[in-house]
Amino acid sequence: MPAKGVAVTADVVIAGGGVIGTAIAWRAAAAGLDVVLADPAYGDAASLVAAGMLAPVSEALFGEGALLRVNLLALARFPSFAAELEQVTGHRVGLRREGTLAVAFDAGDYAALTRLTAFRRSAGLEAEELDSRACRKLESFLTPDVHGGVLFPGDWSVDNRRYAAALREAAAAAGVRVVRDRVTAVLTADGADGANVRVRGAALAESGEIGSDRVVVAAGSWSGAVHGLPAGLRSAVRPVKGQLLRLRHPDGMPPVLTHTIRATVRGADVYLVPRADGEVIVGATQEERGPDLTVTAGAVHDLLHDAMSVLPVTSELILAETCAGLRPGTPDNGPIVGDAGPGGLLLATGHYRNGILMSAATADAAVACLTGRAPAPEWEPFGPGRFLTRQGER
Ligand SMILES: Cc1cc2nc3c(=O)[nH]c(=O)nc-3n(C[C@H](O)[C@H](O)[C@H](O)COP(=O)(O)OP(=O)(O)OC[C@H]3O[C@@H](n4cnc5c(N)ncnc54)[C@H](O)[C@@H]3O)c2cc1C
2 MPAKGVAVTA DVVIAGGGVI GTAIAWRAAA AGLDVVLADP AYGDAASLVA AGMLAPVSEA
62 LFGEGALLRV NLLALARFPS FAAELEQVTG HRVGLRREGT LAVAFDAGDY AALTRLTAFR
122 RSAGLEAEEL DSRACRKLES FLTPDVHGGV LFPGDWSVDN RRYAAALREA AAAAGVRVVR
182 DRVTAVLTAD GADGANVRVR GAALAESGEI GSDRVVVAAG SWSGAVHGLP AGLRSAVRPV
242 KGQLLRLRHP DGMPPVLTHT IRATVRGADV YLVPRADGEV IVGATQEERG PDLTVTAGAV
302 HDLLHDAMSV LPVTSELILA ETCAGLRPGT PDNGPIVGDA GPGGLLLATG HYRNGILMSA
362 ATADAAVACL TGRAPAPEWE PFGPGRFLTR QGER
């Protein structure tokens, strides 16, 4: 960490060391840029709480076609990105490709699943309808009470904690300098003609300033707290709380699950995501409670109740951890990735429910911007400009 007042410079300063900021840092350093990554408290990152689903198909909802396209781009990019990460670090990140089995508990749940499936098929996504018996052929521990289901083979998952750790290691190996501090503001200066405001660096809470003509704000739910962003952008990202459980198989117990299960139980959604190391993730609540990270008895009860309703054997697993994280949500549920103005300011935030999925593709898009190239066209609808309501607003 630089001492206060000591001049530090970099080609790029990145605010935020979740999977988004770290993936960008790694790829930017690999592209030859001198990168400083600032983050005060990595432990709060949503990236460490997430379930790790890479699920463009079962996340595809009515009216979100552009988001589906960027999620599909992200999924297509993920395997080569993860393979390079594993090769560079020597660590496995737990990529699984079994697909998502969506199951409906009762007839009403099934009717809703059928409507969504028709929509997903109409968008060209693969889906295989299964009766209760066929669901149990795929997952033998499912309750016979399950009404029916749909297999979405196009969804995958990754162990997001292993993935995040590997990203940090790869970034360090590529020469990224990490500063354990909070970016308080993006610093700007007028251009030679008094106009054309440009970034000149970042101010840190404890460590002075870092001089740089590129700053990337990738601070997840906290992105709006960084001063110097155009006002429309400061209010565009909000925290959406998610509570989640981590279960473990007792020693010697064979795996109870192969696919990711997404279940609707009398209108309530729950998912179970298996890991190769015996962990099963059960999630997640979706709550508009501001920056609250408490875990509540009611949420733990509801998640376990719904999980046990479809997979009764869940009751035999060990409750290893309860946690809560903040998804960076936006008004249209889409990410905010691209040049923001003032010149040199880049945003990479607002990834909401799909930040693990989108991390590799976001790194590509950000590095394209940082090196003067155009990001893939799928990103076009997700630029910061859509939240700039009034010109010149700061
Ligand atoms: C319960 C839950 C389940 C989820 N499941 C999935 C899933 O299955 N699949 C999926 O793709 N996504 C999932 N997500 C969403 C995913 O976790 C997020 O979209 C993603 O982690 C966002 O990454 P990020 O790097 O932008 O933010 P974060 O991971 O939140 O990281 C932001 C970082 O910025 C740092 N920071 C904050 N302020 C500053 C500052 N001023 N200066 C410097 N650093 C700062 C913080 O300390 C933090 O480390 C889930 C989220 C939750 C909460």
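Take the position in the sequence shown, starting the count at 1, then add 1; the result is the number in the numbering used here. All C-beta atoms in this analysis are idealised placements derived from N, C-alpha and C, irrespective of residue type, glycine included. No experiment lies behind these values; they were computed from the predicted model shown.
Please work out which residues of its chain come closer than 7 Å, Cβ to Cβ, to residue i, disregarding the five sequence neighbours upstream and downstream, and give them in chain order.
i	result
PHE63	PHE120
PRO249	The sequence as given places Arg at residue 249; Pro does not occur at that position. Cβ neighbours of ARG249 beyond the five flanking positions: GLY279, GLU280, LEU318, ILE319, ALA321.
GLY150	LEU102, ALA103, VAL104, ALA105, LEU131, CYS136
ARG395	For ARG395, the pLDDT reaches just 41, beneath the cut-off of 50, and the residue's location in the model is therefore unreliable, leaving the point undetermined.
ARG276	GLY95, ASP160
ASP293	LYS242
Which residues in the same chain as residue i place their Cβ atom closer than 6 Å to its Cβ, once the five residues preceding and following it in sequence are excluded?
i	result
ASP110	THR265
GLY393	Annotation note: pLDDT 46 at GLY393 (below 50); position unreliable, no value reported.
GLU99	THR259, HIS260
ARG263	SER59, THR101, ALA103, TYR272
LEU73	PRO57
ALA362	LEU74, ALA75, ARG78
Kindly indicate which three-state DSSP category residue i falls into: helix, strand or coil?
i	result
GLU381	helix
GLY67	Correcting the residue type first, residue 67 is Ala in the shown sequence and not Gly. Residue state, collapsed to three classes: helix.
PHE106	coil
PRO3	No answer about PRO3 holds up, because its pLDDT of 49 lies below 50 and its placement is not dependable.
ASP214	coil
VAL368	helix
HIS228	strand
ASP270	strand
VAL58	coil
ARG183	coil
ARG235	helix
GLU207	coil
LEU20	Looking at the sequence provided, one finds Val at residue 20 rather than Leu. In the structure shown, VAL20 sits in a helix (DSSP, three-state: H, G or I).
GLU288	strand
THR295	coil
GLU394	The predicted model places GLU394 with a pLDDT of 43, which falls under 50 and marks its position as unreliable; any figure quoted below should be read in that light. In the structure shown, GLU394 sits in coil (DSSP, three-state: anything other than H, G, I, E or B).
ALA277	coil
ARG178	strand
THR144	coil
LEU38	strand
VAL257	coil
ALA124	coil
GLY335	coil
PRO376	coil
ALA11	coil
ALA219	coil
ALA112	helix
ARG387	helix
Could you round the C-beta distance between residue i and residue j to whole angstroms and report it? I think they count as a contact, below 8 Å.
i	j	result
SER360	VAL20	4 Å
VAL368	GLY202	In fact, because the Cβ distance is near 20 Å, the residues do not count as touching under 8 Å.
PRO343	VAL198	4 Å
LEU273	CYS324	About 16 Å; that fails the 8 Å criterion.
LEU327	SER222	4 Å
VAL200	GLY373	With 8 Å as the limit, VAL200 and GLY373 do not qualify as a contact, their Cβ atoms being about 15 Å apart.
GLY330	ARG239	5 Å
THR90	ALA167	5 Å
ARG169	ALA206	ARG169 to ALA206, Cβ: 21 Å. No contact.
ALA349	ALA219	4 Å
VAL37	ARG247	Between ARG247 and VAL37 the Cβ distance is about 32 Å, and since that is not below 8 Å, they are no contact.
ALA186	ALA204	4 Å
LEU143	LEU312	6 Å
From the DSSP output, read off the bridge partner residues of residue i.
i	result
PHE153	THR101
PRO240	PRO329
SER158	MET54, ARG97
CYS136	Answer is none; CYS136 lacks a bridge partner.
ASP45	Partner(s): none; ASP45 has no beta bridge.
PRO80	Paired residues: none, contrary to the question.
ILE357	ILE357 is not bridged to any residue.
ILE262	LEU102, LEU273
GLY344	ARG199
GLU322	ARG247
GLU129	LEU152
LEU188	GLY202
THR350	ILE337
VAL283	LEU246, LEU273
Can you name, in chain order, every residue of its own chain whose Cβ lies under 8 Å from the Cβ of residue i, other than the five neighbours on each side?
i	result
ASN161	VAL20, SER48, LEU49, ALA51, ALA52, GLY53, ILE357
ALA124	ALA61, GLY66, LEU69
PRO251	GLU317, LEU318, ILE319
Report yes if the C-beta of residue i is less than 8 Å from at least one heavy atom of ligand 2; otherwise report no.
i	result
ASN334	Ligands displayed in this structure: ligand 1; ligand 2 is not among them.
Report task. Decide if the stretch 174 to 184 is in contact with the stretch 27 to 35; the criterion is three or more beta carbon pairs, one per stretch, under 8 Å apart. Result -> Short answer: they touch.
Query raised in the report: How do the stretch 318 to 328 and the stretch 75 to 86 stand: do at least 3 beta-carbon pairs fall below 8 Å, yes or no?
Result: With a cut-off of 8 Å, the stretch 75 to 86 and the stretch 318 to 328 do not count as touching, because too few Cβ pairs lie within range.
Query raised in the report: How do the stretch 217 to 233 and the stretch 301 to 313 stand: do at least 3 beta-carbon pairs fall below 8 Å, yes or no?
Result: These segments do not touch.
Query - Touching by the beta-carbon criterion (3+ pairs, under 8 Å), the stretch 330 to 341 and the stretch 33 to 50 - result: Touching, no.
Query raised in the report: Would the stretch 281 to 292 and the stretch 206 to 216 be scored as touching if the rule is three or more Cβ pairs under 8 Å?
Result: Cβ pair count under 8 Å is below three, so no.
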